[in-house]
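Residue numbers (UniProt numbering): 1 to 295.
Glycine is no exception: its CB is placed at the ideal position from the N, C-alpha and C atoms.
Single-structure report; data block below.
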Amino acid sequence: MCSVISRVKPVQRALASTLRLRTNADGLNYAAAQSRRFCPGLSTGAQPLWVTSRSYCARIATTDGLFFRQLFEVESCTYTYLLADTDTKEAVIIDPVLETIDRDLELIKELGLSLKVAVNTHCHADHITSTGLMKKRLAGLKSAISKFSGASADIHLKEGDKIPFGRHSLTVRETPGHTDGCITLVTGDQTMAFTGDALLIRGCGRTDFQQGCAKRLYESIQEKIYTLPDHCLVYPAHDYLGQTVSTVGEERKFNPRLTKSMEEFVEIMNNLNLPKPDKIDISVPANLVCGLHHV
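Written out as structure tokens, the structure is:
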């Protein structure tokens, strides 16, 4: 087990929409949100509801000495996570988005944090990472992604690797299935898990592109995420229903896809018939080179 230590203006509009759940007896109606860009992995039957909402959401970490902030990017419905040691001010950022780089860097500056690692949970298809630009603007910042992602980075992560920041660290669990290079990052005390697109709140990432495999995803979630304590908080890379956090115990009990057998899950995933993500032809090539074609 090894220890491992980047043009656009910030979004100037409020959160586009959050979605309202409606009853769905069989739990299999994974409709895409209407009147907006497609967001993969949507949970059970949903319709849009226009609201005024947050630009970011602060959550309280239960680990002593751990600073935690949950941030939101409206267009791709992406959560970015900032964690830091409250004593040393060393920090890591998870899944930063190009459109919100100025917001994120301003927050880091205001809080006096020293950002050590920018890590992506996988090679995203729906947005471009800001990791490359962050590296240009913050001296000493390192990028990190799974060794199986096919993407360039300073650090290529594998099962069991640790990303330290101060006296805290994140441990890598490989959770392929949405893509080959998906990872889940777990805090040292196993109270928080950042699940990327593998496990969403009452949903999961799609498996019909980028090396997707429903069987592998099911196994990854069951073996690498559902084996965490029930109280472990689940923080996904996306949510399209206005939800911010779940728990392992909740998802094991209520996730409508993952309460099924593997055979039923594979059948569900193979018949979603979802549209292609809007930005996949731009995002994937850019994210393979840290969010930039020249890093």
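Taking just the CA atoms, how far does residue j sit from residue i?
| i | j | result |
| --- | --- | --- |
| residue 117 | residue 138 | 10 Å |
| residue 120 | residue 151 | 10 Å |
| residue 71 | residue 212 | 27 Å |
| residue 275 | residue 239 | 18 Å |
| residue 123 | residue 237 | 12 Å |
| residue 159 | residue 173 | 5 Å |
| residue 65 | residue 128 | 31 Å |
| residue 98 | residue 81 | 14 Å |
| residue 193 | residue 261 | 23 Å |
| residue 290 | residue 183 | 16 Å |
| residue 241 | residue 202 | 10 Å |
| residue 147 | residue 250 | 30 Å |
| residue 263 | residue 102 | 45 Å |
| residue 228 | residue 252 | 11 Å |
| residue 113 | residue 269 | 41 Å |
| residue 68 | residue 100 | 17 Å |
| residue 94 | residue 223 | 22 Å |
| residue 292 | residue 267 | 37 Å |
| residue 164 | residue 83 | 11 Å |
| residue 248 | residue 77 | 21 Å |
| residue 26 | residue 75 | Bear in mind that the predicted position of residue 26 carries a pLDDT of just 32, short of 50, making it unreliable; the figure below should be weighed with that in mind. Looking at the two C-alpha atoms, the distance is approximately 30 Å. |
| residue 256 | residue 115 | 37 Å |
| residue 243 | residue 259 | 20 Å |
| residue 85 | residue 63 | 10 Å |
| residue 186 | residue 73 | 22 Å |
| residue 219 | residue 200 | 15 Å |
If you count every other CB in all the chains shown that lies within 10 Å of the CB of residue i, and 16 or more means buried, which is it?
| i | result |
| --- | --- |
| residue 140 | exposed |
| residue 135 | buried |
| residue 285 | exposed |
| residue 221 | buried |
| residue 41 | Confidence is the limiting factor: at residue 41 the pLDDT is only 40, short of 50, which leaves the residue's position unreliable and the question unanswerable from this model. |
| residue 282 | exposed |
| residue 168 | buried |
| residue 287 | buried |
| residue 230 | exposed |
| residue 33 | Confidence at residue 33 is low in this model, with a pLDDT of 36, below 50, so its placement is unreliable and the value that follows should be read with caution. With 16 or more Cβ atoms within 10 Å of its Cβ, residue 33 is classed as buried. |
| residue 254 | exposed |
| residue 90 | buried |
| residue 195 | buried |
| residue 210 | buried |
What distance in whole Å lies between the Cβ atoms of residue j and residue i, which are believed to be in contact at a cut-off of 8 Å?
| i | j | result |
| --- | --- | --- |
| residue 198 | residue 265 | Residue 198 to residue 265, Cβ: 13 Å. No contact. |
| residue 166 | residue 87 | 6 Å |
| residue 245 | residue 170 | That pair is no contact at about 17 Å. |
| residue 142 | residue 154 | 4 Å |
| residue 96 | residue 130 | 4 Å |
| residue 191 | residue 217 | Between residue 217 and residue 191 the Cβ distance is about 24 Å, and since that is not below 8 Å, they are no contact. |
| residue 279 | residue 126 | 6 Å |
| residue 235 | residue 79 | 7 Å |
| residue 145 | residue 157 | 7 Å |
Could you tell me if the beta carbon of residue i falls within a distance shorter than 7 Å of some heavy atom in the ligand HEM?
| i | result |
| --- | --- |
| residue 286 | Although the ligand HEM was asked about, the structure shown includes no ligands whatsoever. |
Task: In chain order, each beta strand (DSSP E) run of at least 3 residues that lies wholly inside the region 81-134 - done: As far as the region 81-134 is concerned, its whole beta strand (DSSP E) runs of at least 3 residues are 90-94 and 114-119.
- [ ] Indicate whether the contact test is met: 3 or more Cβ pairs, each with one atom in the region 175-183 and one in the region 196-210, closer than 8 Å.
- [x] With a cut-off of 8 Å, the region 196-210 and the region 175-183 count as touching, because enough Cβ pairs lie within range.
Open item on the list: Under 8 Å: do the region 266-286 and the region 101-115 share three or more Cβ pairs, one atom per stretch?
Closed with: The count of Cβ pairs closer than 8 Å, one atom from the region 266-286 and one from the region 101-115, stays below three, leaving the stretches out of contact.
TODO: With a floor of 4 residues, list each alpha helix (DSSP H) that falls wholly inside the region 192-251, ordered by position along the chain.
DONE: Runs of the alpha helix (DSSP H) inside the region 192-251: 214-220.
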